[in-house]
Amino acid sequence: MAVAEKIEKKIADTDIDTKEKEEETDKATDTINQGPSSAAQDEKVGRSNFAFAREFRLAENDENITKLKVGDTMDLSSFAIGDKVRVTGTSKAKGFQGVVKRHGFHGGPRSHGQKHSEREPGSIGATGPQRVFKGTRMGGRMGGDRVCVKNLTILGVDVENNQLLVSGAVPGRRGTLVEIVG
533 MAVAEKIEKK
543 IADTDIDTKE
553 KEEETDKATD
563 TINQGPSSAA
573 QDEKVGRSNF
583 AFAREFRLAE
593 NDENITKLKV
603 GDTMDLSSFA
613 IGDKVRVTGT
623 SKAKGFQGVV
633 KRHGFHGGPR
643 SHGQKHSERE
653 PGSIGATGPQ
663 RVFKGTRMGG
673 RMGGDRVCVK
683 NLTILGVDVE
693 NNQLLVSGAV
703 PGRRGTLVEI
713 VG
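Just so we're aligned, residue 533 is where the sequence shown starts under the numbering used here, counting upward by one.
What follows is the structure, given as structure tokens:
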């Protein structure tokens with residue numbers, strides 16, 4: 533099995549901060565907050581090294597999750613080699629890009645009297661409507677979106693160093709926060 537160079541993604545320690553039940557809606561759902569959302573909660577848990585705070589909804593009647601208490605640490609022992617996971621993160625931001633890079637336009641001809649229109653979009657619509665239709669593909673900001681990559685295979689689990697090896701494309705830059713669901 534061939535393994536790419538950059539398949540390793542380090543996972544930081546995740547501690548459970550609070551467990552809540554939302555009663556406001558018709559259907560009550562359990563949630564887990566990881567990381568403190570205030571200084572008071574930080575003192576309650578007894579930890580002060582959280583960089584991110586996230587809330588995760590739980591599946592109904594999940595016995596493994598109901599055993600968790602405030603202050604417990606979640607590690608990678610629940611993952612096994614060969615499992616399929618869903619990885620969600622923020623994609624790399626590319627900034628303002630033109631239509632050739634952003635939408636794959638071919639641009640104009642390189643010869644026959646064309647001087648400065650090699651990477652231009654061309655016409656943006658007819659003159660009859662007197663406006664540009666919404667959704668017309670143009671240059672603009674590219675990347676920086678929440679991306680979910682499904683069915684990635686786990687190649688290795690290192691519980692001691694808290695590292696998970698996943699085959700495939702993991703969204704985001706090195707060192708960014710990702711959500712892994714098994």
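Backbone N, C-alpha and C fix where the C-beta goes; we use that ideal spot for every residue, glycine too.
- In the three-state reduction of the DSSP assignment, L608 falls in the helix class, which pools H, G and I.
- Rounded to whole angstroms, the gap between the alpha carbons of G675 and G636 is 15 Å.
- Close CB contacts of S623 within its chain, under the 7 Å cut and outside five residues either way in sequence, are with G675, G676, D677, V679, P703, G704 (chain order).
- Of the residues assessed, I686 falls on the buried side of the cut-off, its CB having 16 or more other CB atoms within 10 angstroms.
- Its Cα nearest to that of G614, the residue V698 stands out among T708, I712, V698.
- The beta-carbon distance between G671 and G630, rounded to whole angstroms, is 5 Å. This is short enough to meet the 8 Å contact definition.
- Boundaries of the beta strand (DSSP E) around V713: 711 to 713.
- Between the alpha carbons of G660 and V619 lies a gap of roughly 46 Å.
- Looking from the CA of S610, the closest CA among I656, R706, D690 belongs to D690.
- For Q629, the pairing in a beta bridge is given by DSSP as G672.
- In the displayed model, R634 falls within a helix according to three-state DSSP.
- Here G621 is buried, its C-beta having at least 16 other C-beta atoms within 10 Å.
- The criterion of a C-beta distance shorter than 7 Å is satisfied by G657 and F665.
- Residue pairing by DSSP places G621 opposite V679 in a beta bridge.
- Beta-bridge analysis with DSSP links K666 to no other residue.
- Burial of L696 is indicated by the presence of at least 16 other C-beta atoms within 10 angstroms of its C-beta.
- In terms of Cβ geometry, R651 and V632 form a close pair [threshold 7 Å].
- Straight through space, the alpha carbons of T605 and A612 are spaced by roughly 18 Å.
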